[in-house]
Amino acid sequence: MIEANDVSVFIGKQCIVTGVDFKAPPGALAAVVGPNGSGKTTFLRSLTGELPYSGHIAINGAEVSALKPWRLAAMRAVLPQATNLSFPFTVREVVGLGLSSGRSGALAGEGARLPERALARVDLDGFAGRFYQELSGGEQQRVQLARVLCQVWAPVLEGVPRYLFLDEPVSSLDIKHQLIIMRIARDFAARGGGVIAILHDLNLTAMFADVVFVMHRGRLAAAGTPTEVLRDDIIARVFECDMKVGILPRGDMPFVLPQSAA
Amino acid sequence: MVAGDRSGRARLAFAVLMVLLAVTAAASLGYGAADASAWRVLAGLFAPGGENGGLQALRQNIIIYEIRLPRVVLGILIGAALAVSGAVMQGLFRNPLADPGIVGVSAGAGLGAISVIVLGTTSLAPLVQWLGIYALPFAAFLGGLATTLLLYRVATRRGQTSIATMLLAGIALGAMAGAFSGVLVFWADDRQLRDLTFWGLGSLAGATWTKIAAAGPIIVAVLLTAPFLARGLNAMALGEATANHLGIPVQRLKNVAIVAVAAATGASVAVSGGIGFVGIVVPHLLRLLIGPDNRYLLPCSALLGASLLLIADAVSRTIVTPAELPIGIVTAAVGGPFFLWILLRRRGVIDL
Chain A
1 MIEANDVSVF
11 IGKQCIVTGV
21 DFKAPPGALA
31 AVVGPNGSGK
41 TTFLRSLTGE
51 LPYSGHIAIN
61 GAEVSALKPW
71 RLAAMRAVLP
81 QATNLSFPFT
91 VREVVGLGLS
101 SGRSGALAGE
111 GARLPERALA
121 RVDLDGFAGR
131 FYQELSGGEQ
141 QRVQLARVLC
151 QVWAPVLEGV
161 PRYLFLDEPV
171 SSLDIKHQLI
181 IMRIARDFAA
191 RGGGVIAILH
201 DLNLTAMFAD
211 VVFVMHRGRL
221 AAAGTPTEVL
231 RDDIIARVFE
241 CDMKVGILPR
251 GDMPFVLPQS
261 AA
Chain B
1 MVAGDRSGRA
11 RLAFAVLMVL
21 LAVTAAASLG
31 YGAADASAWR
41 VLAGLFAPGG
51 ENGGLQALRQ
61 NIIIYEIRLP
71 RVVLGILIGA
81 ALAVSGAVMQ
91 GLFRNPLADP
101 GIVGVSAGAG
111 LGAISVIVLG
121 TTSLAPLVQW
131 LGIYALPFAA
141 FLGGLATTLL
151 LYRVATRRGQ
161 TSIATMLLAG
171 IALGAMAGAF
181 SGVLVFWADD
191 RQLRDLTFWG
201 LGSLAGATWT
211 KIAAAGPIIV
221 AVLLTAPFLA
231 RGLNAMALGE
241 ATANHLGIPV
251 QRLKNVAIVA
261 VAAATGASVA
271 VSGGIGFVGI
281 VVPHLLRLLI
291 GPDNRYLLPC
301 SALLGASLLL
311 IADAVSRTIV
321 TPAELPIGIV
331 TAAVGGPFFL
341 WILLRRRGVI
351 DL
């Protein structure tokens with residue numbers, strides 16, 4: 001369980017996140033949505049232990065700020081928005097860096113081939129020998145996801161659930177790969193891990209999320225299931241534009257359609 | 001071989017570099033201005049009580065043990081120290097152009113060393129008395145440490161290092177260290193001036209067992225520490241935040257890396273002066289060959305750095321025989337153009 005109580009985050013003197021309560025259980029995909037600059041990434045970075053915060057954040061019951069980096073790394077992996085690499089590593093070498101925490105949780109037989117298996121999962125079969133810096137933005141993003149998957153290959157290790165933090169994991173992907181990546185996240189949750197993802201696409205959110213947290217100006221504007229949260233009034237207020245939320249008959253899934261700006 | 005996995009090639013390179021170092025070291029021992037055969041001395045060592053060459057053998061022994069061997073040992077230590085501190089610094093700054101010589105760390109270490117050379121008999125006399133032969137490397141270490149810390153503070157913001165800021169700050173710090181050094185040189189008397197000039201050009205010529213005793217332990221300590229930094233430096237290639245996500249205690253890694261760079265640079269500068277460009281040429285060549293994985297890059301850098309410095313020393317001893325060119329001139333003459341070549345090759349990648 002990832003649990004945040006009354007969390008505020010300051011960057012410099014500016015309060016970016018104010019009094020957020022948050023709960024992401026293992027076995028579920030929690031989406032964080034909100035307009036640009038609403039504090040989503042800053043909030044995520046406090047959850048991962050990267051930024052100092054006031055209030056409480058617990059990962060599996062332990063206060064995040066008190067955990068050593070290697071203890072945290074055994075419980076959660078983080079996919080940042082963008083990663084630029086300073087040296088010419090091959091794709092396989094980059095993915096292999098995910099193993100450096102030494103707690104992938106892979107079965108004895110599959111450990112050595114883990115980077116290849118992770119690459120296959122993100123649809124990058126045959127990319128192992130390429131240089132990371134020569135790939136397109138979307139391909140690089142998938143390589144990073146493969147690295148992150150290597151770090152927490154087993155969603156549950158020794159009875160302890162582990163977590164994936166994904167900051168806009170599909171932002172530069174085409175539709176096919178958006179779906180592939182979201183299914184990987186779903187699968188991770190289905191096997192007992194927890195996923196916390198910042199998403200911009202409200203329809204993907206409706207399709208894949210179990211719980212949705214809507215952030216607005218550093219505060220939590222709404223929280224609940226997609227059907228509870230993705231409503232005309234909430235969307236219009238938070239994103240400041242006219243939206244029409246419909247319901248797809250198949251499975252009662254909400255979908256969001258922007259109306260004309262005028 | 002697994003695609004994209006260069007660890008096999010790296011292990012092979014390590015073995016080849018071991019052989020290269022053994023060969024260059026043997027050649028340096030066996031070859032020199034005087035006609036002394038290292039082979040015969042070694043043979044004499046293993047067959048004591050046999051043929052006794054008298055004075056001739058004694059002379060050969062002195063040449064090998066007191067002149068050539070210390071020079072080879074010092075060359076290996078300095079070459080390894082310079083190359084490894086270059087590689088560690090590049091990993092720390094996430095930047096292939098970082099090198100203690102280029103970004104002013106050597107200049108800072110030099111300022112420390114010059115202070116001891118010039119002020120060692122007056123205001124710094126207590127330090128010299130207290131530390132003995134370690135006073136010079138210690139002062140150079142402090143100078144290097146101060147420069148590295150300042151540079152890191154200036155060039156790094158929110159875990160990202162700006163290449164342009166780092167190079168420019170390095171120029172500024174180097175100039176400042178140079179100015180202070182200049183003041184000290186201005187105060188120096190004639191004998192100190194002569195010492196300073198030869199020291200500053202960089203040379204292995206004055207290699208003695210005393211110098212090795214002063215710098216060797218520090219360098220060996222750094223070389224033994226470096227492999228423990230490899231995993232962390234690899235993760236740092238993805239940025240400080242991601243390194244932290246991967247479980248690396250980033251702040252501790254940075255502290256250890258900075259101290260290691262300053263110590264290795266300080267010790268090298270103290271005993272051999274300004275030998276430049278080894279720290280940038282060696283890791284760069286190796287990255288082309290075996291990739292940037294520090295688990296292999298650091299040990300291979302130590303070996304190749306040692307070999308290259310021995311080769312450069314051989315060139316410096318022979319190119320103007322019977323005189324000797326300071327080795328710093330040789331490494332700069334080769335390393336300068338090499339540095340330009342890296343800059344040109346990467347001009348598109350590095351946005352200055």
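Taken in sequence, the protein lines are chains A and B. Note that the numbering used here gives residue 26 to position 26 of the first sequence, counting from 1, and the numbers run on in steps of one. Note that the numbering used here gives residue 138 to position 138 of the second sequence, counting from 1, and the numbers run on in steps of one. For glycine and all other residues, C-beta sits at the position ideal for the given N, C-alpha and C.
Quick one: residues in its chain with C-beta nearer than 7 Å to the C-beta of residue i, no 5 flanking neighbours on either side, listed in chain order?
{"i": "T331 of chain B", "result": "I275, G276, F277, V278 and A312"}
{"i": "A189 of chain A", "result": "G27, A28, L29 and V195"}
{"i": "V282 of chain B", "result": "A83, G86, S301, L304, G305 and L308"}
{"i": "S115 of chain B", "result": "L124, A139 and L184"}
{"i": "L97 of chain A", "result": "R147"}
{"i": "G50 of chain B", "result": "Here G50 of chain B scores only 47 on pLDDT, less than 50, and its place in the model should not be relied on; the value that follows carries that caveat. Same-chain partners within the cutoff: there are none."}
{"i": "A25 of chain B", "result": "V72, I76 and L310"}
{"i": "V128 of chain B", "result": "V116, G120 and A135"}
List the DSSP bridge partners of residue i.
{"i": "I247 of chain A", "result": "A:P254"}
{"i": "T225 of chain A", "result": "Answer is none; T225 of chain A lacks a bridge partner."}
{"i": "A58 of chain A", "result": "A:E3 and A:E63"}
{"i": "V214 of chain A", "result": "A:V33 and A:A222"}
{"i": "I63 of chain B", "result": "None, per the DSSP bridge assignment."}
{"i": "L79 of chain A", "result": "A:L166"}
{"i": "T90 of chain A", "result": "A:F131"}
{"i": "A197 of chain A", "result": "A:A31 and A:L166"}
Listing by chain order, which chain B residues have their CB less than 8 Å from the CB of residue i?
{"i": "Q14 of chain A", "result": "Simply none; closest approach about 14 Å."}
{"i": "L85 of chain A", "result": "A237 and L238"}
{"i": "E50 of chain A", "result": "A241, N244 and H245"}
{"i": "A128 of chain A", "result": "V2, A3, G4 and D5"}
{"i": "P254 of chain A", "result": "In chain order: nothing, as chain B lies at least about 33 Å away."}
Given that residue i touches chain A, what residues does it touch there, using C-beta distances under 8 Å?
{"i": "R345 of chain B", "result": "Neighbours of R345 of chain B on chain A: none; closest Cβ ~11 Å, over 8 Å."}
{"i": "N255 of chain B", "result": "Result: empty, since nearest Cβ-Cβ is about 14 Å, beyond 8 Å."}
{"i": "P249 of chain B", "result": "K68, P69 and W70"}
Looking only at its own chain, which residues have a Cβ that is under 6 Å from the Cβ of residue i, when we skip the five neighbours before and after it?
{"i": "G39 of chain A", "result": "I16, V17, M215 and G218"}
{"i": "N244 of chain B", "result": "V250"}
{"i": "L352 of chain B", "result": "Its pLDDT being 40, under 50, L352 of chain B is placed unreliably by the model, and nothing is read from it."}
{"i": "A257 of chain B", "result": "V88, L92 and L229"}
{"i": "P291 of chain B", "result": "Strictly speaking, residue 291 of chain B in this sequence is Gly, with Pro absent from that position. Hits under 6 Å: R6."}
{"i": "G246 of chain A", "result": "F255"}
Against residue i, what residues of chain B qualify as contacts under a CB-to-CB distance less than 9 Å, listed in chain order?
{"i": "P161 of chain A", "result": "Going along chain B, no residue has its Cβ under 9 Å from P161 of chain A, so there is no contact; the nearest lies around 18 Å."}
{"i": "P80 of chain A", "result": "L238, G239, A241, T242 and H245"}
So which residues of chain A does residue i contact, with C-beta pairs closer than 7 Å?
{"i": "P292 of chain B", "result": "F87, P88 and F89"}
{"i": "R231 of chain B", "result": "S100"}
Among residues of its own chain, excluding the 5 on either side of residue i, which ones have a beta-carbon nearer than 8 Å to its beta-carbon?
{"i": "M243 of chain A", "result": "D232, I235, A236, V256, L257, P258 and Q259"}
{"i": "V264 of chain A", "result": "A question about residue 264 of chain A goes unanswered here, because the residues of chain A that appear run from 1 up to 262."}
{"i": "P227 of chain B", "result": "R295, L298 and P299"}
{"i": "R11 of chain B", "result": "Y296"}
Taking CB distances under 8 Å as the criterion, tell me whether residue i reaches chain D.
{"i": "R287 of chain B", "result": "No chain D is part of this structure, whose protein chains are labelled A and B."}
What residues in the region 61-78 of chain A have a beta carbon less than 9 Å from any beta carbon of chain B? For the region 61-78 of chain A, residues whose beta-carbon sits nearer than 9 Å to a beta-carbon of chain B comprise K68, P69, W70, R71, L72, A73, A74, R76, A77 and V78.
Jot down the residue ranges of each uninterrupted beta strand (DSSP E) in the region 108-195 of chain A, minimum 3 residues, whole runs only, in chain order. Counting only runs of 3 or more, we get 163-167.
Runs of 3 residues minimum, wholly inside the region 179-230 of chain B: which ones carry the beta strand (DSSP E) assignment? Taking only runs of at least 3 residues, no beta strand (DSSP E) segment lies wholly in the region 179-230 of chain B.
May I ask you to list, following chain order, the residues of the region 87-111 of chain A that have a beta carbon less than 9 Å from some beta carbon of chain B? So the close ones are F87, P88, F89, T90, V91, R92, E93, V94, V95, G96, L97, G98, S100, S101, G102 and R103.
Run through the region 8-56 of chain A for me and flag every whole alpha helix (DSSP H) of 4 or more residues, listed as ranges in chain order. Fully contained in the region 8-56 of chain A are the following alpha helix (DSSP H) runs of length 4 or more, in chain order: 40-47.
Please list, in chain order, the residues of the region 235-247 of chain B that have any C-beta partner in chain A closer than 7 Å. Residues passing the 7 Å Cβ filter: A235, A237, L238, G239, A241, T242, N244, H245, L246 and G247.
Extract the residue ranges of the beta strand (DSSP E) inside the region 79-147 of chain B, only unbroken runs of 3 or more that lie entirely within it. Runs of the beta strand (DSSP E) lying entirely within the region 79-147 of chain B and spanning at least 3 residues: none are present.
The region 90-114 of chain B: which residues have C-beta closer than 9 Å to a C-beta of chain A, in chain order? Within the region 90-114 of chain B, the qualifying residues are Q90, G91, F93, R94, N95 and P96.
Listed from N- to C-terminal order along the chain, which residues in the region 1-34 of chain B have their beta-carbon within a distance smaller than 8 Å of any beta-carbon of chain A? Correct list: V2, A3, G4, D5 and R6.
Tell me which residues of the region 136-170 of chain B have at least one Cβ-Cβ distance to chain A shorter than 7 Å, keeping chain order. For the region 136-170 of chain B, which is checked against every Cβ of chain A, not one residue is closer than 7 Å.
Using a Cβ-Cβ cut-off of less than 8 Å, give me the residues of the region 151-178 of chain A that come near chain B, in sequence order. Residues Q151.
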